[in-house]
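Colleague:
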Amino acid sequence: MYFLFFCIFAAGIVAVDQITKFLVVANIPLFGHVPVLPGIVRLTYVKNTGAAFSSFEGMQWLFLLVFLIFTVLVLWEYFKRPMPFTTFERWCIAAVYGGGVGNVIDRFRLGYVVDMIETEFITFPVFNVADCFITCGTIALMIHLVFFNKAFWKEEKK
Numbered sequence: 002m003y004f005l006f007f008c009i010f011a012a013g014i015v016a017v018d019q020i021t022k023f024l025v026v027a028n029i030p031l032f033g034h035v036p037v038l039p040g041i042v043r044l045t046y047v048k049n050t051g052a053a054f055s056s057f058e059g060m061q062w063l064f065l066l067v068f069l070i071f072t073v074l075v076l077w078e079y080f081k082r083p084m085p086f087t088t089f090e091r092w093c094i095a096a097v098y099g100g101g102v103g104n105v106i107d108r109f110r111l112g113y114v115v116d117m118i119e120t121e122f123i124t125f126p127v128f129n130v131a132d133c134f135i136t137c138g139t140i141a142l143m144i145h146l147v148f149f150n151k152a153f154w155k156e157e158k159k
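Okay, so the sequence shown: first residue is 2 according to the working numbering, each after it adds one.
Below, the structure written as structure tokens:
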């Protein structure tokens, strides 16, 4: 039953990501800027054919392969060999997965990912809503696994 809720959560992330990308493409010219919080954040429409800082540029097949492997691992873990993840950790995995789906849709449909959130106070790659969920979900998952889920690190007694 929880799996359905995780899927709905991931689908909601995909919807929000795709709607924000649609609005940016429809309203901001390529490399155009719209201030949100001047000096802190602005919206900038960028076509990203790689990952952060243009790493792995043009290697769309690699991103799709990694996503497919992640998909298989998530389904295998959930249905065949459940690990001692807490409910919170499963929400984190759903957030990462939803963000991944949002970016895979762009890569498959457009051949690039639409990025739009640019920080002005530090040099950082332009990113999107999906990237936020991928990053925050991964960080929260790692912190929770390291500091709060002792059962995850215990060895099974045979």
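Backbone N, C-alpha and C define an ideal beta-carbon position, used for all residues, glycine too.
One question on the structure: do Gly68 and Val17 come within less than 8 Å of each other, judged by their Cβ atoms?
Modeller: Before going further, note that residue 68 is Phe rather than Gly in the sequence given. No, the Cβ-Cβ distance between Phe68 and Val17 is not below 8 Å.
Colleague: Mind checking Gly112: buried by the 16 CB within 10 Å criterion, or exposed?
Modeller: exposed
Colleague: Out of curiosity, what's the CA-to-CA distance linking Val127 and Phe10?
Modeller: 24 Å
Colleague: Which residues does DSSP pair with Thr120 in a beta bridge?
Modeller: Val42
Colleague: Does Val1 come out as helix, strand or coil in the three-state DSSP assignment?
Modeller: One cannot answer for residue 1 here, as it falls past the ends of the chain, which runs 2 to 159.
Colleague: Tell me whether the beta-carbon of His145 lies closer than 8 Å to the beta-carbon of Glu90.
Modeller: yes
Colleague: Quick check: the region 46-58 against the region 28-38, are there 3 or more CB pairs under 8 Å?
Modeller: In this structure the region 46-58 lies against the region 28-38, because at least three pairs of beta carbons, one per stretch, are closer than 8 Å.
Colleague: Where does Gly100 land, buried or exposed, given buried means 16+ other C-beta within 10 angstroms?
Modeller: buried
Colleague: Provide the residue(s) that pair with Lys22 in DSSP beta bridges, ordered along the chain.
Modeller: Partner(s): none; Lys22 has no beta bridge.
Colleague: Cα separation between Met143 and Pro36?
Modeller: 33 Å
Colleague: Short of 6 Å in beta carbon distance, which residues of its chain neighbour Val97, apart from the five on each side in sequence? Order them along the chain.
Modeller: The beta carbon of Val97 sits closer than 6 Å to those of Ile135, Gly138, Thr139, all from its chain and outside the five residues before and after it, given in chain order.
Colleague: Grouping DSSP H, G and I as helix and E and B as strand, with all else coil, what is Val115?
Modeller: strand
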